[in-house]
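**Q** Start counting the sequence shown at 179; every next residue gets the next number (this note's numbering). Beta carbons are placed, not taken as given, at the ideal position from N, Cα and C, and that holds for glycine. As the structure is a prediction and not an experimental result, all values here were calculated from the model.
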Amino acid sequence: MLSLQTSRLDIRPLVLSDAEDIFEMRRNPEIAKWGMAGKADTSISQTIDWMLSSLLSAESPKNATTTDTTTATTTTPEKPAPKVLFAIRELQPGTVIPEPKVIGTMGIKRSAAPSCPTGSNRVRWELGYGFHTGVWGKGYATEAAKGVMGQFKEIKRTLEGNGEGNDAVGVAEGLWAATAENNLASQAVLRKCGFEFVGKFVDELGRKNLDFQVLV
């Protein structure tokens, strides 16, 4: 999977060695409340499980088998939904986060549209992201999103080339993103990146969300 740089950011595929940095973000309630789970991780093992689900989706070829090294058992998992997750670092670390740590994540995945039942072939490509509170307000989410969006066609082609997306029908046009109705900062990021509001929906946790789309 590709890596890229913007004027201020280094954007590379997430790896397990990023776990401590990712846990630092995912344990923060101010960040976690905007996530899909709606609550913070309480242990690094939860963060690693989340990372593994993303890494396996991005890297496992169709019909691959995986081996549990702790039990020496081999299983054939269900075909994962195509996705890639990037770790984001500052090219020039600042005073708030002086080390070259992961300061955000950003991903692209193919998933069912909110109004469609689980297992539906009516799917879409979605953008998602989260950043360390220490870098909020710096414009990093907008900068990273524009960088990743510029590579969207290649990302999609790579994921589908792994045999993980070729059987989909009814894929919605463009790139989509959803954000909580009261997450005004995230909505501003999406609008700066060219996304347009297209509707509302209520997620599995009962939260009101706004739906956005951009043609790329």
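Considering only C-alpha positions, which residue in the set R205, L180, L192 and Q365 is nearest to G317?
**A** Q365
**Q** Rounded to the nearest angstrom, what separates L192 and G384 at their Cα positions?
**A** 30 Å
**Q** Please state whether the Cβ-Cβ distance between V280 and D196 is less than 7 Å.
**A** Closer than 7 Å, so yes.
**Q** Report the residue ranges of all alpha helix (DSSP H) runs contained in full by the stretch 194-242; include only those spanning at least 4 residues, in chain order.
**A** 197-204, 207-210 and 222-237
**Q** Across which residues does DSSP place S289 in a beta bridge pair?
**A** In the DSSP output, where bridge partners are listed per residue, S289 has R302.
**Q** So, are the CB atoms of P278 and P271 less than 7 Å apart?
**A** yes
**Q** Taking just the CA atoms, how far does P292 sit from V301?
**A** 9 Å
**Q** Do S289 and E304 come within 7 Å of each other at the CB atom, strictly closer than that value?
**A** Yes. Within cutoff.
**Q** Excluding the 5 residues preceding and the 5 following G377 in the sequence, name in chain order all residues of the same chain whose CB lies nearer than 6 Å to its CB.
**A** D389
**Q** Strictly by DSSP, which residues pair up with I266?
**A** I189 and G282
**Q** In terms of residues, what are the limits of the beta strand (DSSP E) holding A319?
**A** Taken as a continuous stretch (DSSP letters only), A319 belongs to no beta strand (DSSP E), being part of the alpha helix (DSSP H) at Y318 to M327.
**Q** Taking the continuous alpha helix (DSSP H) assigned at L362, which residues delimit it?
**A** Going by DSSP, L362 is part of the alpha helix (DSSP H) stretching over L362 to K370.
**Q** Look at the Cβ atom of A355, then the Cβ atom of F375, and state whether they are nearer than 7 Å.
**A** no
**Q** Would you tell me roughly how many angstroms separate the C-alpha atoms of E321 and T184, rounded to the nearest one?
**A** Rounded to the nearest angstrom, the two C-alpha atoms are 7 Å apart.
**Q** For L353 and R190, what's the separation of their Cα atoms in angstroms?
**A** 20 Å
**Q** Rounding to the nearest angstrom, what Cα-Cα distance links R369 and A358 in this structure?
**A** 14 Å
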